[in-house]
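Just below is one structure, and these are the notes that go with it.
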Amino acid sequence: MLRDTLRRFFPDEEFPLFMGIFFSALFIISGLIMLGSSIFWWHNDPRNYILLFFGLIALILGIGTLNSLDFQKLKNTNDRKNLTFWICPQCKTENTSEHVECWKCHQSKP
């Protein structure tokens, strides 16, 4: 159900970019939280070294993921101004003109 909802808003070529941005933001935010908490509550506790280590790893993963994304593909897909919709005759679902079949019931476009 979540996959169908996301597929409705993000066509197949934009979905990996969306997931990359989501996980990159997740890694960067969690890395910053771990780094901040390990530095803010520094009392020579071994748990702070673990937080510092995993915070740096999460930050590096987030920045690396963000660096490897292809934003040019997103720019090219946003240039489509004349996007039209069609209604599936079987399930009455609205589809974009790019899809040759319904995203919900997989019936071909009339």
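All residue numbers for the sequence shown refer to the working numbering, where the first residue is 7 and numbers rise by one.
We treat Cβ as the ideally placed atom computed from N, Cα and C, and that holds for glycine.
Keep in mind the model is a prediction, meaning the values are calculated, not measured.
When we look at the beta-carbon of residue i and count the other beta-carbons within 10 Å, is it buried (16 or more) or exposed?
{"i": "Phe33", "result": "buried"}
{"i": "Cys94", "result": "buried"}
{"i": "Thr90", "result": "exposed"}
{"i": "Gly68", "result": "buried"}
{"i": "Gly42", "result": "exposed"}
{"i": "Ser114", "result": "exposed"}
Under 8 angstroms from any heavy atom of the ligand FMN, does the C-beta of residue i make it?
{"i": "Gly68", "result": "In terms of ligand content, the structure shown is empty, and the ligand FMN therefore cannot be addressed."}
Reducing DSSP to helix, strand and coil, say where residue i ends up.
{"i": "Ser103", "result": "coil"}
{"i": "Asn73", "result": "helix"}
{"i": "Asp10", "result": "helix"}
{"i": "Asn50", "result": "coil"}
With a CB to CB cut of under 8 angstroms and the five nearest residues on each side skipped, what residues in its chain are close to residue i?
{"i": "Asp10", "result": "Trp109 and Lys110"}
{"i": "Leu57", "result": "Met40, Leu41, Ser43 and Ser44"}
{"i": "Leu38", "result": "Gly61 and Leu65"}
Provide the residue(s) that pair with residue i in DSSP beta bridges, ordered along the chain.
{"i": "Trp92", "result": "Asn101"}
{"i": "Ser114", "result": "Glu107"}
For residue i, which residues of its own chain have a beta-carbon under 6 angstroms away from its beta-carbon, when the five flanking residues on both sides are left out?
{"i": "Ser30", "result": "Gly68, Thr71 and Leu72"}
{"i": "His112", "result": "none"}
Spell out a yes or no on whether the segment 100 to 115 and the segment 68 to 77 are touching, meaning 3 or more CB-CB pairs, one atom from each, closer than 8 angstroms. no
Are the segment 52 to 68 and the segment 91 to 103 touching, with three or more C-beta to C-beta distances below 8 angstroms? no
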